[in-house]
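Written below as structure tokens is the structure these notes are about.
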Amino acid sequence: MRALLQRVTAASVTVDGTKISEIANGLLIFVCAMPDDTRDTAKALAAKIAKLRLFKDADGKMNLSLPQTGGGALVVSQFTLAADTTRGTRPGFSRAAKPALANTLYENFADDIAALGIPTQRGKFGADMSVALTNDGPVTIWLDTDT
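Using this note's numbering, read the sequence shown as starting at 329 and increasing by one per residue.
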């Protein structure tokens, strides 16, 4: 799985003109399932993200994890993280998991984040979403479970 994390002071998802989810301080997590990913992959990625120390402590150092801050997670499916741009000028997306598997793993991942005690909101799988965010820092981290 691939994930792009953005530390935010606010983030929201709107679908068809209706805001469906939002968080204040926390992480906006764009997630993409790959064809070889499994339930265990989703669980391991969620555990890794929950342990990452991306938030400032009293001394201004990135020393606190998301659960330690009480912040939330907004999880958004993002198949374009699997883009292949090695040839031509139009990205290919054949490296992304097929929709049925991708949706299952996306939901598993969001459930796993929530099970770790993190208040979790979601985007809408397969929808044309408008994502708004205020990046804090900015802090943006790329995670790939196969590296």
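Using N, Cα and C, we set each Cβ at its ideal position, and we do this for glycine too. These figures come from a predicted structure and were not determined experimentally.
Query                                                                                                                      : Result
Secondary structure of Gly345, DSSP reduced to three states                                                                : coil
Coil, strand or helix - Lys384 by DSSP                                                                                     : strand
Counted within 10 angstroms of its Cβ, other Cβ atoms place Ala352 as buried (16 or more) or exposed                       : exposed
Endpoints, the beta strand (DSSP E) within which Ile357 is located                                                         : Gly354 to Cys360
Complete runs of the alpha helix (DSSP H) confined to the stretch 382-437 [at least 4 residues]                            : 394-397
Sequence-distant residues of its chain with Cβ nearer than 6 Å to Thr413 (five each side left out)                         : Pro419
Cut-off 6 Å between Cβ atoms - residues of its own chain near Val343, not counting five sequence neighbours on either side : Lys452, Ala455 and Met457
Own chain residues within Cβ distance below 6 Å of Arg330, not counting five before or after                               : Cys360, Leu409 and Asp472
Ala438 beta carbon less than 7 Å from that of Thr448                                                                       : yes
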